[in-house]
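Heads up: the sequence shown begins at 1 in my numbering, then just goes up one per residue.
Glycine included, C-beta positions come from ideal geometry on N, C-alpha and C.
Data first, discussion second: the structure below is written as structure tokens.
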Amino acid sequence: MTRVELLQLLIGQARTNGFEFRRWFTKRLGLPWVDAPSAIAALAVERRYYALLFSHEFAQTFWKPGEKMTFLVPTQTFKRTKPDGTVGTVTRKGYTRRSGREDAWKYHLRELAMAEEPLRYMRRYLRVEEEMEEDG
Numbered sequence: 001m002t003r004v005e006l007l008q009l010l011i012g013q014a015r016t017n018g019f020e021f022r023r024w025f026t027k028r029l030g031l032p033w034v035d036a037p038s039a040i041a042a043l044a045v046e047r048r049y050y051a052l053l054f055s056h057e058f059a060q061t062f063w064k065p066g067e068k069m070t071f072l073v074p075t076q077t078f079k080r081t082k083p084d085g086t087v088g089t090v091t092r093k094g095y096t097r098r099s100g101r102e103d104a105w106k107y108h109l110r111e112l113a114m115a116e117e118p119l120r121y122m123r124r125y126l127r128v129e130e131e132m133e134e135d136g
């Protein structure tokens, strides 16, 4: 999945929850509106999508208060010290998690800020199977 396709899905999900993309785009980025595909393409250039992902308006509509969110937690591998002093490797399988907090958007913005690649973090909430391809 390309960056543009992922942004289309994210914006589409937020729009179903009431996000006004056109108004946000012209107000926050100050760029002229032509149409939705060109606006999304403009976001994908030079990591301008960070302005969208970290926008409180977008986050509040993407993660609606109190709504159950379903997402996939990936497989994790880490080292842990056992009671006998040896170090063992623990592997936890990936699983589906559900969340329903009133201020879920604040939690997700904090997690998004700590993520190495914010789009990969957001992809977990779309339930998309393909791996995101890096645009050249």
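Does DSSP put residue i in a helix, in a strand, or in coil?
| i | result |
| --- | --- |
| F78 | strand |
| T16 | helix |
| A42 | helix |
| R124 | coil |
| L31 | coil |
| T61 | helix |
| E117 | coil |
| P83 | coil |
| R48 | coil |
| M1 | coil |
Locate the alpha helix (DSSP H) running through residue i, then write down its first and last residues.
| i | result |
| --- | --- |
| R110 | 104–114 |
| R23 | 21–24 |
Quick one: what's got a C-beta closer than 7 angstroms to residue i's C-beta in the same chain, skipping five residues either side?
| i | result |
| --- | --- |
| V73 | G94, Y95, R97 |
| A115 | Y121 |
| L7 | I40, L43, A44, Y49 |
Which first and last residues belong to the beta strand (DSSP E) in which residue i is found?
| i | result |
| --- | --- |
| R89 | Sequence inspection shows Thr at residue 89; the Arg mentioned does not correspond to that position. Its beta strand (DSSP E) spans residues 87–92. |
Who are the Cβ neighbours of residue i in its own chain at under 6 angstroms, not counting the five residues just before and after it?
| i | result |
| --- | --- |
| L9 | L126 |
| E133 | The pLDDT assigned to E133 is 47, lower than 50, so where the model puts this residue is not dependable; a value taken from the coordinates is nonetheless given after this. Correct list, in chain order: T2. |
| W105 | A59, Q60, W63 |
Between residue i and the rest of its own chain, which residues show a CB-CB distance below 8 angstroms, the 5 nearest in sequence each way excluded?
| i | result |
| --- | --- |
| P32 | T26 |
| R23 | none |
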